[in-house]
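Residue numbers (the UniProt record's numbering): 1 to 255.
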């Protein structure tokens, strides 16, 4: 088994700071392969969003480098899920406390994938997304937004949600809301299946058809091809006048 992964990020056409952060790590250990792929989108409307996203990425990257090697011999996905949720809640409390002490409000989405051999876990807070790309494109994560919650409750149609002025309003993110309920899912890798982890700035002006066609396993046979496809899509996003930061990563496990 092998892991193939690539990422790219861009400040975009209008922002002065890139508040997105991205992390891609892989390791070969005595007990097999492991990977961490993660995207955090700092809140553009809040001060120091880039600090929040960078701190969450730093915490998970440090865990991957220093703690995961000792956890792998006795790896258990239920324990891992509890640990990820606990880490996100600690980071949430830490960022809220930092903001209160420094008269700041800072927050970030946190969306990622942890792989160990042929199995994986996704974790998610906010409106960054994970897509699964196989024989079709499917959204793995659930947007933690006001409009998505309203649609689920029957108070708004999906069509109304697309144009509602509150469509970017989050109901939870790391560093702002007192309590967060991270979404965690477990799964087993399938052949010829890519996972796309991206900020909302990457997906806003791209169609699902474009994501499916341009980021399929066929179009991304190796890391260089993945990198090329991501950069081409980022340039397409910029040409369509997306005004947000743009970040995406692609991951595939080859059986």
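Here a beta-carbon is modelled for each residue, glycine too, at the ideal position from N, C-alpha and C. Computed from a prediction, not measured in an experiment: that's the story for all the values here.
If the criterion is Cβ atoms closer than 8 Å, does the pair residue i and residue j meet it?
| i | j | result |
| --- | --- | --- |
| residue 104 | residue 55 | no |
| residue 121 | residue 77 | yes |
| residue 199 | residue 130 | no |
| residue 217 | residue 252 | yes |
| residue 10 | residue 234 | yes |
| residue 142 | residue 208 | no |
| residue 37 | residue 249 | yes |
Which residues in the same chain as residue i place their Cβ atom closer than 6 Å to its Cβ, once the five residues preceding and following it in sequence are excluded?
| i | result |
| --- | --- |
| residue 26 | 3 and 35 |
| residue 338 | Nothing in the structure corresponds to residue 338, since the chain is present only between 1 and 255. |
| residue 42 | 19, 49, 50, 52, 53 and 108 |
| residue 187 | 120 |
| residue 254 | 2 |
Between the options, which lies nearest to residue i when the distance is taken from Cα to Cα?
| i | options | result |
| --- | --- | --- |
| residue 99 | 134, 48, 130 and 117 | 48 |
| residue 271 | 232, 182, 215 and 61 | No answer is possible for residue 271: it lies beyond the span of the chain, which begins at 1 and ends at 255. |
| residue 75 | 124, 177, 119 and 207 | 119 |
| residue 124 | 157, 221 and 145 | 145 |
| residue 197 | 102, 112 and 31 | 112 |
| residue 71 | 86, 116, 110 and 102 | 116 |
With which residues is residue i paired in a DSSP beta bridge?
| i | result |
| --- | --- |
| residue 194 | 133 and 252 |
| residue 139 | 131 |
| residue 22 | 39 |
| residue 187 | 120 |
| residue 4 | 252 |
| residue 10 | 246 |
| residue 32 | 29 |
| residue 151 | Partner(s): none; residue 151 has no beta bridge. |
Got a sec? Which residues, its chain only, sit under 8 Å from residue i by beta carbon, not counting five neighbours each side?
| i | result |
| --- | --- |
| residue 171 | 144, 145, 146, 149 and 177 |
Output the residue ranges of the beta strand (DSSP E) runs that lie fully inside the region 45-116 and measure 3 residues or longer, sorted by chain position.
List check, beta strand (DSSP E) in window: 110-116.
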